[in-house]
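Going by my numbering, the letters in the sequence shown line up with residues -1 to 440, in that order.
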Amino acid sequence: MSIKDLYFCKKLSFRHPMARHWLRTLADEAKISADELQSINTRRCLQLARYAITTIPFYMKKYTSAGIEVGDIKDDAAFARLPILTKHEVRNHAHEMIRQDDSLDNLATSATGGSTGEPVRFYRDPGLPGKALGWHRVCDLGVSLADNHGVVGRILPKFDWKYNIACLYNLTKTAYLDAKTITSETMQRFYPDLKHSKATYIYGYGGGIYEFSKFLSDADLVLPTLKAIIATSSPLAEFQRAAMERTFKCKVYDQYGCCEVPWLAMECQAQEGLHAFHSIRRIEIVDENQNRCRLGQVGDILITNAIDYRFPIIRYALGDRSAYVSGDCLCENHSPRIETVRGRVTDCFTLPNGVIAGDYLTTIFDDYPEAVSGFQVYQYRDLRVELRVVLNSHHSESRNEVVNVGRTLEERLQGLPFQLKYVNEIPHEQGKTRFVINENML
C-alpha cells in the first residue's frame, strides 16, 4: 500500500478499528506463497466447521445426522465431505443458524435479489467490515483508498447529500447511482458528481455501469480521471467489457461477489482469471456428484465465509457455475483463480433430449464482442427459443456476426422453434444483466 493509503487507514482506525485490522491482514496475506495461503485457508475453514458443529443448532443437527462428529473434521478431505448448505435451508432455518444466546435482530442483514425465485434473507456479523475486505485488491488496480469514486448498486446510504459520505467514513467523496432506478435523469446527475469529484474508479453492478457507459457514449461525455472500472454481481460479457473500455478509456475488471458473501474473487491487472480471496473465503467447484472439478471443467460453485462465526456460511450452493484456472498468474498473488462466472445453475434450456447449459448460453457472443450492444436468450414455456439482440451500430459486420451466432445456436436446439429478434434495448433488473431466461425455471 502507498503512503497515501496508510494515512487513510490511520484516519479510518479512529472510526472502525476492525477495518484497519483486516485491511492490513489481507494485504499481508495476499503476497505469501500458495502453500502458506492454503494453510491459512484450511485452518480457518476447519475452525469454523468445528465451531459450527459444537455451537450452532442447525449445523449440530445437519452434521450429526450425516454421521459426522467434531473429531472427524480434521483436514481438507474431511471438509469436502461436509453436507452442502442450500438456499432452501437458509430460508427456512435461519433462526437456528446462530448461537442460542444470540438473536437475528443483532445481526446485519441482506437479501438476494430473487431473480431465480423467492428472495432469501441472509445475515452477517456487523462487527466485520464489508468494503474493507476488498480494499487491498482495489489498491492493486492503480487507485488509492483515499480516491473519490462512484458506486452503482441497489443498497445505498440513506443520506441525500450531493456527495454521500457513508461507506468510507467521511474520508472520500462517493457519488451514487441507484441501480433500482437507472434513468437518463439519474445518470445525468451521476455524471457531474463523478466529474467534479475527479473520481478515479467506479464500482458496482456490471449491468448498471454498462448502461451508464452507453449514456456517456451517446451524449459524447468523458470522465478523464477514471483509472479503473470494477464490475460485479452478474456475469461480465466480453461485449460489455469491450464497450465500457472504449467509453471509459480504462480497464474494466471483473469482481465476483454476492449479497450472501461479498468479495469472493477478483481480477488483477494481468486479467488471467479471478483470484479468490483465499485467506478468508473458500471457493469450491464441484461436479454433479459433488466431486472437485478438474482444471478447466465447469461445475457448481460452493462458498464458505471462513471468518463469520455469528452466522456461519459453510459450503453454500450459491447457484453459480465456473471453472478453476490452471497455471501461475503474472502478478504476485498466489490465490487460486477461477474463470469469469458463466451462468447460474438455473440458466439452462430444455431440449427434447437433454439441456443446453447456461455456461454456453451466456458466452455465445464472446467470439464477436463487437457485434452487439446487448443480448438475451429467452425460452418460453412451450420451449420456443428467442435470441433478442441489440445490434452495435458502430460495427459494420454486426448483422452478419449475429446471424452466424444465431445459426450456431439454432443447430444446438434439436429442432425447437427458433427466432432471431432485433430489439432496441435489453431491460436490466436493478442494475443486473440477465442473459438467459427460461420461463420454466421462473
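In this text, a Cβ means the ideal position worked out from N, Cα and C, and glycines have one as well. What you are looking at is a predicted structure, and each value in this text was computed from that prediction instead of being measured.
Worksheet item: From Ile180 to Gly206, what does the alpha carbon distance come to, in whole angstroms?
Response: About 7 Å.
Discussion item. To the nearest angstrom, how far is the alpha carbon of Asp74 from that of Thr40?
Written reply: 6 Å
Worksheet item: Which word fits Pro124, buried or exposed, when buried means at least 16 other C-beta atoms lie within 10 angstroms of its C-beta?
Response: exposed
Discussion item. Please identify the residue among Asp70, Glu286, Arg279, Glu209 whose C-alpha is closest to the C-alpha of Ala424.
Written reply: According to the sequence shown, residue 424 is Ile rather than Ala. Ile424 has its Cα closest to that of Glu209, out of Asp70, Glu286, Arg279, Glu209.
Fill in: Local Cβ density within 10 Å of Gly140, reported as buried at 16 or more and exposed below that
exposed
Discussion item. Distance check for His273 and Cys266, CA to CA, integer angstroms please.
Written reply: 7 Å
Worksheet item: Got a sec, what are the start and stop residues for the beta strand (DSSP E) Met264 sits in?
Response: For Met264, the enclosing beta strand (DSSP E) has its first and last residue at 263 to 265.
Worksheet item: Is there contact here, the region 226 to 243 with the region 357 to 374, by at least three beta-carbon pairs under 8 Å?
Response: yes
Worksheet item: Within the chosen definition, does the region 278 to 295 reach the region 52 to 60 through at least 3 CB pairs nearer than 8 Å?
Response: no
Worksheet item: Are at least three pairs of beta-carbons, each pair with one atom in the region 55 to 72 and one in the region 13 to 32, less than 8 Å apart?
Response: The region 55 to 72 is not in contact with the region 13 to 32.
Worksheet item: So the beta strand (DSSP E) Ser396 belongs to, where does it begin and stop?
Response: Ser396 -> not in any beta strand (DSSP E); alpha helix (DSSP H) instead, spanning 396 to 409.
Worksheet item: Can you tell me where the beta strand (DSSP E) with Val434 in it begins and where it stops?
Response: 434 to 436
Worksheet item: If you run the structure through DSSP and keep just helix, strand and coil, what is Ile38?
Response: Correct three-state label for Ile38: helix.
Practice prompt. Pull up the distance between the alpha-carbon of Ala315 and that of Glu27, whole angstroms please.
Written response: 26 Å
Worksheet entry | Nearest candidate by alpha-carbon position, reference Ser277, set Ser142, Thr302, Tyr307 | Nearest to Ser277 by alpha-carbon distance, out of Ser142, Thr302, Tyr307, is Thr302.
Worksheet item: What residue does the alpha helix (DSSP H) around Val339 start on, and which one ends it?
Response: In this chain, Val339 is not harboured by any alpha helix (DSSP H), its DSSP state being neither H nor E.
Item to complete: Pull up the CB-CB distance for Ile336 and Tyr322, whole angstroms please, since I reckon it's below 8 Å.
Response: 6 Å
Practice prompt. Reducing DSSP to helix, strand and coil, say where Glu423 ends up.
Written response: In this structure, DSSP gives Glu423 a state outside helix and strand, which the three-state scheme calls coil.
Worksheet item: According to the Cβ coordinates, are Ala304 and Arg279 closer than 8 Å?
Response: yes
Item to complete: Return the CA-CA distance between Asp99 and His93, expressed in angstroms with no decimal places.
Response: 11 Å
Worksheet item: Does DSSP put Phe237 in a helix, a strand or coil?
Response: helix
Worksheet item: For Lys171, which of helix, strand or coil comes out of DSSP?
Response: If DSSP states are grouped into helix, strand and coil, Lys171 belongs with coil.
Worksheet item: Val88 lies in the alpha helix (DSSP H); which residues open and close that run?
Response: For Val88, the enclosing alpha helix (DSSP H) stretches over residues 85 to 91.
Practice prompt. Report the rounded CA-to-CA distance for Leu385 versus Pro350, giving the unit in angstroms.
Written response: 19 Å
Worksheet item: Can you name the start and end residues of the alpha helix (DSSP H) that Gly191 belongs to?
Response: In the sequence under discussion, the amino acid at residue 191 is Asp, which differs from the Gly named in the question. Where Asp191 is concerned, the enclosing alpha helix (DSSP H) stretches over 182 to 194.
Item to complete: May I ask which residues mark the beginning and end of the alpha helix (DSSP H) holding Ala229?
Response: Note, Ala229: premise wrong, no alpha helix (DSSP H); beta strand (DSSP E) at 226 to 230.
Fill in: Cα-Cα separation, Gly148 to Arg187
Taken atom to atom, the span from the alpha-carbon of Gly148 to that of Arg187 is near 12 Å.
Discussion item. Suppose the cutoff is 6 Å on Cβ atoms and the five residues either side in sequence are ignored; what does the same chain contact list for Ile435 look like?
Written reply: Tyr376
Item to complete: Please list, in chain order, all residues of the same chain as Lys430 whose beta carbon is under 6 Å from its beta carbon, the five residues on each side excluded.
Response: Only Tyr203, Gly205, Ser231, Ser232 meet the Cβ criterion.
Practice prompt. Take Val339 and list the residues in its own chain whose beta-carbon comes closer than 8 Å to its own, dropping the five residues that flank it on each side.
Written response: Pro233, Tyr254, Ile299, Asp318, Arg319, Ser320.
Worksheet item: Is the beta carbon of Leu414 less than 8 Å from the beta carbon of Arg382?
Response: yes
Worksheet item: Just how far apart, CA to CA, sit Arg432 and Arg152?
Response: Taken atom to atom, the span from the alpha-carbon of Arg432 to that of Arg152 is near 16 Å.
Practice prompt. Return the chain-ordered list of same chain residues with a C-beta closer than 6 Å to the C-beta of Tyr61, the five sequence neighbours on each side being excluded.
Written response: Once the five neighbours on either side are set aside, the close Cβ partners of Tyr61 are Ile51.
Worksheet entry | Tyr378 versus Thr348 - alpha carbon distance | 10 Å
Worksheet entry | 7 Å CB neighbourhood of Glu330 in its chain, flanking five on each side removed | Contacts found: Lys29.
Discussion item. For Asp103, which residues in the same chain have their Cβ closer than 6 Å to its Cβ, ignoring the five residues on either side in sequence?
Written reply: none
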